[in-house]
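**Student:** Have a look at the structure that comes next, please.
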Amino acid sequence: MTIYRYTQDDIVALPKTSFAEVQISERADLQRLLQDRIEILNPDPLVASPDLLVISEEFSDWDDSKRRIDLLAIDRNANVVVVELKRSEDGGHMELQSLRYAAMVSAMTFTDAEKTFTNYLAKRGDNRSARDVILNFLGWDEPCEDDFGNNVRIVLASAEFSKEITTSVLWLRSQGIDITCVRIKPYGTKDELFLDVQTIIPLPEAEAYQIKIRQKQAAQGVSADSAWNGQDFYVSLGEYDDANWDDCLNYGFVTGSGGRWYTRTLDHLFVGSRVFVLIPKRGYVGVGIVTEKNQTIDTFMVQDGTKTNRLLDAPLSAKDMSQNIGDPDMCSNVVRVEWIKTVDREDAFWEPGLFAITHTACKLKDQNTIDRVCQNFGIDSTTGK
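With my numbering applied, the sequence shown corresponds to residues -7 to 377, in that order.
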């Protein structure tokens, strides 16, 4: 891949380089910067990977080992996440190293995470309460040890990955290990450096291995990865001060907030597409058809009795949907929906195995979830009626 610089006079290819060549180190540079911009490691908003909260750098809490985890984080599903960084051109043996680390933190509790994060904040001169930050990030009112750390995810970030690593990672994924490879490729010079950040598992480096797996599955009569049906999206509707399911029911919309990184996934909902709406920790509460594309909340109009008003001027159950009005990158976004079937939050449908992540929106590929939600709501999974 080549990256170009565009000017009025020319289009010039940026020279490929290496982190070593431009004197960028793993710990002092990459690790130091990525801990504050951890969202860079999820470059594709349609890839279902919950965002992260870094709780430690160079984590080492073992009496009998000097091993250190580059970055330790949690995601919004309360999973522990091991992040390993390499500036090398092949990734070394980071997949083996990360597996050791994942095993070593697999027993981490909420109390452990709070203690670890407290130390991390103190080292950075941050006087916030670790418990409050974690609870707010998870959307919890109080700690719940039973729901914390039920899975360990692994994120590998490197300038490049060898075929041995990508093959190993794909096999680990096929065995149920949640492991991702993100390539951070440098271009330019030391004075002006650009980074091409891409998730490469499962494409493109692993394509040959995937083809072999698909061929084996086909020979055994096993279905390969589900293809998207072209119409169904998943929407996670977290209820906070700026979002309430009752308002979505009354005025016909779904909403997202928290900044452009989160709300931009709503841009993919197109008129005529179908949305399956889930309230985290409750279940699925609605299925509807998109009738207007994503827009900022200040432009969204609703029918209020006999009058047409801005949503912000209508009676609302949400405490404050006007947060960050005037800032298009930070204010709430809204997508108009015609509901096919809805239920109250208390009657939300949930059962083990249904699809659920904290991304605001993503393509819904899990046919079992589509079928079970439609069956429970009494609608046709194909036509939606």
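Idealized CB from N, CA, C, for every residue including glycine.
Run through DSSP, which three-state label would GLN295 get?
**Tutor:** Here residue 295 refers to the residue found at position 303 when the sequence shown is read from its first residue. Residue state, collapsed to three classes: strand.
**Student:** Is the beta carbon of ILE(-5) less than 8 Å from the beta carbon of TYR179?
**Tutor:** Translated into the one-based positions of the sequence shown, residue -5 becomes position 3. Translated into the one-based positions of the sequence shown, residue 179 becomes position 187. Yes, these two residues count as a Cβ contact at 8 Å.
**Student:** Is THR103 helix, strand or coil by DSSP?
**Tutor:** Indexing the sequence shown from 1 puts residue 103 at position 111. If DSSP states are grouped into helix, strand and coil, THR103 belongs with the helices.
**Student:** Buried or exposed, going by whether 16 or more other CB atoms sit within 10 Å of the CB of HIS85?
**Tutor:** As a first step, residue 85 is located in the sequence shown; it is residue number 93 there, counting from the start. Under this definition HIS85 is an exposed residue.
**Student:** Rounded to whole angstroms, what's the CA-CA distance from PHE140 to THR298? Just pull it up for me.
**Tutor:** Reading the sequence shown from its first residue, position 148 is the one you call residue 140. Reading the sequence shown from its first residue, position 306 is the one you call residue 298. One C-alpha to the other measures close to 48 Å.
**Student:** I need the straight-line Cα distance from ASP1 to ASN71, nearest angstrom please.
**Tutor:** Counted from its first residue, the sequence shown places residue 1 at position 9. Counted from its first residue, the sequence shown places residue 71 at position 79. Approximately 50 Å, taken between the alpha carbons.
**Student:** Do you know how far the Cα of GLN190 is from the Cα of LYS8?
**Tutor:** In the sequence shown, residue 8 corresponds to position 16, counting from 1. In the sequence shown, residue 190 corresponds to position 198, counting from 1. The alpha-carbon atoms of LYS8 and GLN190 are separated by roughly 16 Å.
**Student:** Going along the chain, which residues of its own chain have a beta-carbon closer than 7 Å to the beta-carbon of VAL144, five neighbours each way excluded?
**Tutor:** On the sequence shown, position 152 is the one that residue 144 refers to. Counting only Cβ-Cβ distances below 7 Å, and skipping sequence neighbours, we find ASN71, VAL72, VAL74, ALA94, VAL97 and SER98.
**Student:** Quick test of the definition: if touching needs 3 or more C-beta pairs under 8 Å, does the region 222 to 240 touch the region 257 to 265?
**Tutor:** Yes, the region 222 to 240 touches the region 257 to 265.
**Student:** DSSP three-state label for LEU346, please.
**Tutor:** For the purposes of this step, residue 346 is taken as residue 354 along the sequence shown, with counting starting at 1. LEU346 falls in the coil class under three-state DSSP.
**Student:** Cβ of SER228 within 8 Å of Cβ of SER324?
**Tutor:** Position 236 of the sequence shown, counted from the first residue, corresponds to residue 228. Position 332 of the sequence shown, counted from the first residue, corresponds to residue 324. No, these two residues do not count as a Cβ contact at 8 Å.
**Student:** To the nearest angstrom, how far is it from the Cα of ALA340 to the Cα of LEU270?
**Tutor:** Here residue 340 is taken as the residue at index 348 of the sequence shown, counted from 1. Here residue 270 is taken as the residue at index 278 of the sequence shown, counted from 1. Their Cα atoms are separated by approximately 8 Å.
**Student:** Taking the alpha-carbon positions, what's the LEU303 to ILE176 distance?
**Tutor:** Along the sequence shown, read from residue 1 onward, the residue named residue 303 stands at position 311. Along the sequence shown, read from residue 1 onward, the residue named residue 176 stands at position 184. Roughly 42 Å separates the two Cα atoms.
**Student:** Using CA atoms only, rank isn't needed, just tell me which of ARG274, TYR254 and GLU137 is closest to TRP342.
**Tutor:** As a working note, residue 342 is residue 350 in the sequence shown. Ranking ARG274, TYR254 and GLU137 by Cα distance to TRP342 puts ARG274 first.
**Student:** What residue does the alpha helix (DSSP H) around GLU87 start on, and which one ends it?
**Tutor:** Reading the sequence shown from its first residue, position 95 is the one you call residue 87. Its alpha helix (DSSP H) spans residues 86 to 97.
**Student:** Let's test the definition: count the other Cβ atoms within 10 Å of the Cβ of THR108 and tell me whether it reaches 16, buried, or not, exposed.
**Tutor:** The residue given as residue 108 occupies position 116 in the sequence shown. Result: buried.
**Student:** State buried or exposed for ASP67, treating a residue as buried only when at least 16 other CB atoms are found within 10 Å of its CB.
**Tutor:** The count along the sequence shown starts at 1 and reaches residue 67 at position 75. Buried, because 16 or more other Cβ atoms sit within 10 Å of the Cβ of ASP67.
**Student:** Would you mind working out which of ASN368, TYR276, PRO320 and VAL277 sits nearest ASP290, comparing C-alpha positions?
**Tutor:** In the sequence shown, counting from the first residue as 1, residue 290 sits at position 298. Looking at the Cα atoms, PRO320 is the closest of the given residues.
**Student:** Is the distance from the Cβ of PHE401 to the Cβ of VAL279 below 8 Å?
**Tutor:** Absent from the structure is residue 401, since the part of the chain shown begins at -7 and ends at 377.
**Student:** Taking DSSP as the reference, what is the three-state secondary structure of PHE341?
**Tutor:** Along the sequence shown, one-based indexing puts residue 341 at 349. Note: PHE341 maps to strand in three-state DSSP.
**Student:** Alpha carbon to alpha carbon, how far is GLN367 from LEU127?
**Tutor:** Along the sequence shown, one-based indexing puts residue 367 at 375. Along the sequence shown, one-based indexing puts residue 127 at 135. So the two alpha carbons sit approximately 34 Å from each other.
**Student:** Can you give me the C-alpha to C-alpha distance between ARG206 and LEU64, rounded to a whole angstrom?
**Tutor:** Counting from 1 along the sequence shown, the entry for residue 206 is found at position 214. Counting from 1 along the sequence shown, the entry for residue 64 is found at position 72. Note that ARG206 has pLDDT 49, beneath the 50 cutoff, so the model's placement of it is unreliable and no number is given.
**Student:** Under three-state DSSP, which class holds ILE157?
**Tutor:** Walking along the sequence shown from the start, residue 157 turns up at place 165. If DSSP states are grouped into helix, strand and coil, ILE157 belongs with the helices.
**Student:** From THR374 to ARG364, what distance separates their C-alpha atoms?
**Tutor:** Taking the first residue of the sequence shown as position 1, residue 374 is located at position 382. Taking the first residue of the sequence shown as position 1, residue 364 is located at position 372. Rounded to whole angstroms, THR374 to ARG364 spans 12 Å at the Cα level.
**Student:** Would you tell me roughly how many angstroms separate the C-alpha atoms of SER121 and VAL4, rounded to the nearest one?
**Tutor:** Numbered from its first residue, the sequence shown carries residue 121 at position 129. Numbered from its first residue, the sequence shown carries residue 4 at position 12. Going from the Cα of SER121 to the Cα of VAL4 covers about 49 Å.
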